[in-house]
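*Asks:*
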Amino acid sequence: MKINKYGNYKANTIKFFDKVAEKNHGDSHKHYEKALEWIESLNIKRILDLGTGRGDFIESLKKKYPQRQYDIYGIDISENMIKKAKSKGIDAKFSVGESENLTFKNNYFDLVVCINSFHHYEKPEISIKEIHRVLQDGGVLILGEIYLPKILAKFINKLLPYGTTGDYKIYSLEELKKMFQKENLYLEKQNYVFPSIKTYMFRKH
1 MKINKYGNYK ANTIKFFDKV AEKNHGDSHK HYEKALEWIE SLNIKRILDL
51 GTGRGDFIES LKKKYPQRQY DIYGIDISEN MIKKAKSKGI DAKFSVGESE
101 NLTFKNNYFD LVVCINSFHH YEKPEISIKE IHRVLQDGGV LILGEIYLPK
151 ILAKFINKLL PYGTTGDYKI YSLEELKKMF QKENLYLEKQ NYVFPSIKTY
201 MFRKH
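Residue numbers (the working numbering): 1 to 205.
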């Protein structure tokens, strides 16, 4: 396990998100509009929200498409986040879990959503393998991530080991494409939201 200056990334991630579970944190909601727009045209039934946090995206999905009978699962590494998600009374199955060790059968989901979470993953290659494993052939991954110019991302990545929020790495588009293509997940769409947000759609081949 890689250790940063204040402990390991996974422990810092859990500690940070347990602490902010009762607060509005980050700008994840900026990804929602495009993700929901893309979902509208997808023929899907079973959805995994990976890094669900307080279940905010699932809540938005339910409000956007109240007539659709989705079977939705949300997992998060933070127990406090999952407690908060369950307290909302959303029709979804929430549980504590890790992206590196998903407890679902092969080819189980039509769609995996991962918003503002991937840059916390200490072993992204393993997480991608797990995403590929649980997705059906032709299944879709919607990924929402930080996007910065290369020079700025390089500078911030040098500082992340000194942080306490569990952020592991900010990726370029080229890095994301390369990592996901290794597991036969290919980029189909992307959307840029100024100044530092990108939403991506990958499909399993």
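Beta carbons are placed, not taken as given, at the ideal position from N, Cα and C, and that holds for glycine.
Once DSSP output is grouped into helix, strand and coil, what is the label at Ser28?
*Replies:* Coil at Ser28, not helix or strand.
*Asks:* Report yes if the CB atom of Asp71 is closer than 8 angstroms to the CB atom of Gly53, and no otherwise.
*Replies:* no
*Asks:* Per DSSP, which one or two residues make a beta bridge with Arg219?
*Replies:* There is no way to answer for residue 219, as the model of the chain reaches only from 1 to 205.
*Asks:* Give the secondary structure of Tyr121 by DSSP, where H, G and I count as helix, E and B as strand, and everything else as coil.
*Replies:* coil
*Asks:* Under the three-state reduction of DSSP, which class applies to Phe57: helix, strand or coil?
*Replies:* Helix, per DSSP.
*Asks:* Applying the 10 Å Cβ sphere with the 16-neighbour rule, what's the burial state of Pro124?
*Replies:* buried
*Asks:* Tell me which residues share the same chain as His132 and place their Cβ nearer than 7 angstroms to its Cβ, disregarding the 5 neighbours each side in the sequence.
*Replies:* If the five residues before and after His132 are omitted, its C-beta is found closer than 7 angstroms to the C-beta atoms of Glu183, Asn184, Leu185, Lys204, all from its own chain and listed in chain order.
*Asks:* Measuring only the C-alpha atoms, how far is Pro195 from Phe57?
*Replies:* 21 angstroms
*Asks:* Inspect the CB distances between the region 138-146 and the region 106-113 and report whether three or more fall short of 8 angstroms.
*Replies:* yes
*Asks:* Can you give, in chain order, each stretch of the beta strand (DSSP E) that sits fully within the region 54-120 and has at least 3 residues?
*Replies:* 71-76, 93-96, 109-115
*Asks:* Output needed for Ala35: all residues of its chain with C-beta closer than 8 angstroms, excluding positions within five of it in sequence on either side, in chain order.
*Replies:* Phe57, Val113, Ile115, Ile142, Gly144, Thr199
*Asks:* Out of Glu37, Asp167, His120, Lys30, state which residue places its alpha-carbon closest to the alpha-carbon of Lys189.
*Replies:* Out of Glu37, Asp167, His120, Lys30, Glu37 has the C-alpha closest to the C-alpha of Lys189.
*Asks:* Going by beta carbon distance, what residues of the same chain come within less than 8 angstroms of Leu148, once the five residues before and after it are set aside?
*Replies:* Ile156, Ile170, Ser196
*Asks:* Could you tell me whether the Cβ atoms of Tyr65 and Lys93 are closer together than 8 angstroms?
*Replies:* no
*Asks:* Express the C-alpha separation of Gln181 and Glu100 in angstroms, rounding to a whole number.
*Replies:* 18 angstroms
*Asks:* Measure the alpha-carbon distance for Tyr146 versus Glu175 and round it to whole angstroms.
*Replies:* In the sequence as displayed, the identity of residue 146 is Ile instead of Tyr. If I take the Cα positions, the gap works out to 13 angstroms.
*Asks:* Return the bridge partner residues of Lys198 from the DSSP annotation.
*Replies:* Glu145, Tyr192
*Asks:* Taking only the alpha-carbon atoms, compute the straight-line gap between Ala85 and Leu173 and give it to the nearest angstrom.
*Replies:* 31 angstroms
*Asks:* Judging by CA-CA distance, which residue of Asp91, Val96, Lys62, Gly89 is the nearest neighbour of Met81?
*Replies:* Val96
*Asks:* In the DSSP output, what is Ile47 paired with across the bridge?
*Replies:* Ile72, Leu111
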